[in-house]
Amino acid sequence: MSPTPAVRPPYRVLQVGCGPTGTSVLRGLVSRLDAVGTRLEYEVADPAVMGPGLAFSTPYDLHLLNVRADRMSLHPQDKGEFAHWRQRSAAAHGIPSAGDDYPPRRLFGAYARWVLDDVLRTARRAGPGVRVTHERAVAVRRDGDGRWRCRFASGRVATYDRVVLALGHLPSARYAPEEGGSRFLRDPWGGLEVPADARVGVIGTRLTGVDVALALLERGHAGPVLLASRSGLLPSVKGRTVAYELAHLPGFVADQRRHGRDGGVGLETVAAVIGREVQEAEGARRIRWSEVLHPPPSSPVTLRAGLAVAESAGVLGRQSVLAAVVPWVPALWRLLDELGKQRLMSTYVGVWAANIASFPAVSARRLLGMMDDGRLAVRPGLIGVRPSGSGYEMRFADASPVSVDVVVNATGPGYGRDSLLAAPLTRDLLSSRTAVAHRFGGVAVDERTFEVRGADGSVAPGLHVVGDLTRGVWLATNAVENSVSQAAQLADVVAGAVER
Ligand SMILES: Cc1cc2nc3c(=O)[nH]c(=O)nc-3n(C[C@H](O)[C@H](O)[C@H](O)COP(=O)(O)OP(=O)(O)OC[C@H]3O[C@@H](n4cnc5c(N)ncnc54)[C@H](O)[C@@H]3O)c2cc1C
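In this text, residue positions in the sequence shown follow our numbering: the first is 22, and each later residue adds one.
See the structure below:
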């Protein structure tokens, strides 16, 4: 009698997090799951509504996409997928199916959910299917057999051969020790339940600060709102961007890489190439770098001027070029030398963010309306916030404090150690020394396989990280376009490993 062949246990994969990036990873993998058949068990864990993720779950209609709808797609090849879905489905969500280049973000959230539902249906047809659990993972550690043991907030523990962390945006960096109560909101996306006449102080003047002001406007907030930061700089106003073909950057990147110059190119050299693209698009003679790098703080005057440029007819300017630069940022970041990276992150990151992460003119006009009505002010020179009476005092470098009733930390997603320690799972990854904080944000990962790198630089086999948590490695991790291309690469890596 021949011996019964040993039955191999199934290969188990866990994906933690299913926002737009997790949905894209799953989409890239599902078409290949049937090749592996029932020997594979794929589990997706996320306690939130899966699909939209943080940015596209907002209930506020004034929270608009800040990237043109026709550049927003969760399909790596079909860039028009969202635009086509919108034509068919927007009306069902109470939103016009065309017309606005920047529709409400919640519409993209509904599209992401539609993509996910389709992917799950395909997975069911393809064979092993995907098991969805609404659980929060709180720890992932390697066991003695080289597999990954995951603990969930429910207390459940399970072991996997491979784990993909698509955790998305980390909590904001803590601004002051007092933050976290109902009068000092740590989470600007969590409902903004503030008394209607409260004086609200918002820490942050970039996209998240703008989100807070617009949410308060939509809520009919009657009290004054102050957006404050060190620079006092609002994002630049997005004009009519058009698809722009870069003339110099692609050749520059190819040339540098051919000569093996990764990590060896100075910041000025990279800035000069981007500057040349902008200059040619704008038809201007020379970029005045001192004006670009040291803009004045925002005010009704600067906002009005920004709007005038953005809304002037036939503009083919900076915003179109910068939109075309976004997908190239990871390659440029890779080319930069260490000094260039440090200078960008320590000195110029604010100006860079204000330019690259611009906001639609329609939102700018709403802010201007609030400013003109005296309901909103923007101030530079913020140096701290401290408790004062039943509220807080916002302190400024010019020594004229402002009293507010409620403070909102709107500094945006965090990237540093403080933010990594604020979420249980990333805290556990650091404390177990499975992962280390990357000096430029997030955690260190291998550029090719997305596997986590430990303190000694060694790779953790089978533990992958994708999305904003890899910011230090690629810099551009906070636009859907970049998430989708990262997710497609990671899906290839995971599919290859599972098939092997
Ligand atoms: C306010 C805001 C506005 C934005 N607007 C735009 C825009 O207009 N256009 C654009 O291109 N990009 C925009 N972005 C960037 C965009 O959010 C990202 O590019 C990308 O879509 C993020 O998707 P994600 O799935 O990686 O992360 P997230 O959307 O953060 O989703 C992560 C998911 O992981 C889950 N999760 C986290 N931790 C755990 C855990 N321990 N266990 C289980 N599940 C977990 C969360 O519940 C969540 O569902 C915006 C970002 C922000 C913050």
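Cβ coordinates follow ideal geometry from the N, Cα and C atoms, glycine included. Because the structure is a prediction, the values reported are computed rather than measured.
Would you say the beta carbon of residue i is closer than 7 angstroms to some non-hydrogen atom of ligand 1?
i              : result
glutamate 502  : yes
cysteine 39    : yes
glycine 189    : yes
aspartate 218  : no
aspartate 67   : yes
leucine 446    : yes
alanine 158    : yes
alanine 76     : yes
arginine 126   : yes
glycine 43     : yes
valine 494     : no
threonine 229  : yes
valine 88      : yes
asparagine 430 : no
asparagine 376 : no
aspartate 82   : no
glycine 176    : no
aspartate 122  : no
methionine 391 : no
aspartate 489  : yes
methionine 93  : yes
proline 422    : no
aspartate 232  : yes
proline 434    : yes
DSSP three-state label for residue i, please.
i                 : result
lysine 259        : strand
glycine 272       : helix
methionine 71     : coil
tryptophan 135    : helix
glutamine 36      : strand
valine 457        : coil
isoleucine 295    : helix
histidine 114     : helix
glutamate 520     : helix
valine 88         : coil
tyrosine 413      : strand
isoleucine 308    : coil
phenylalanine 545 : Examination of residue 545 is not possible in this model, given that the chain is present from 22 through 521 alone.
glycine 503       : Note that residue 503 is asparagine in the sequence shown, not glycine. Helix, per DSSP.
glutamate 239     : helix
alanine 6         : The first residue shown for the chain is 22 and the last is 521, placing residue 6 beyond what the model contains.
leucine 403       : strand
tryptophan 210    : coil
proline 41        : helix
proline 381       : strand
arginine 278      : helix
proline 408       : strand
threonine 154     : strand
proline 316       : coil
glutamate 102     : helix
leucine 248       : strand
glutamate 303     : helix
alanine 331       : helix
leucine 54        : helix
threonine 498     : coil
Using a Cβ-Cβ cut-off of 8 angstroms, state whether residue i counts as contacting chain C.
i          : result
valine 505 : Protein chains in the displayed structure number just one, and chain C is not present.
Assuming residue i and residue j form a contact by the criterion Cβ under 8 angstroms, report the distance between their Cβ atoms to the nearest whole angstrom.
i              : j             : result
alanine 385    : glycine 327   : 7 angstroms
leucine 95     : alanine 133   : 6 angstroms
valine 65      : serine 78     : Their Cβ separation, rounded to whole angstroms, is 17 angstroms, which puts valine 65 and serine 78 out of contact at 8 angstroms.
alanine 466    : valine 494    : The residue asked about is misnamed: residue 466 is valine in this sequence, not alanine. Correct: roughly 6 angstroms between the Cβ atoms.
isoleucine 224 : valine 428    : 7 angstroms
leucine 238    : leucine 83    : 6 angstroms
glycine 241    : alanine 217   : 7 angstroms
leucine 490    : valine 464    : 6 angstroms
glycine 38     : leucine 248   : Actually they do not touch by this definition, with Cβ atoms about 30 angstroms apart.
threonine 44   : leucine 128   : Contact doesn't hold; Cβ gap of about 16 angstroms is too wide.
leucine 54     : proline 31    : About 12 angstroms; that fails the 8 angstroms criterion.
arginine 195   : aspartate 439 : 6 angstroms
proline 124    : leucine 85    : 7 angstroms
task: For the region 443-490, list the beta strand (DSSP E) runs that are entirely contained and at least 3 residues long, ordered along the chain.
output: 472-474 and 480-486
- prompt: In chain order, which alpha helix (DSSP H) runs of at least 4 residues are fully inside the region 344-371?
  reply: Segments of the alpha helix (DSSP H) lying fully in the region 344-371: 350-356 and 359-364.
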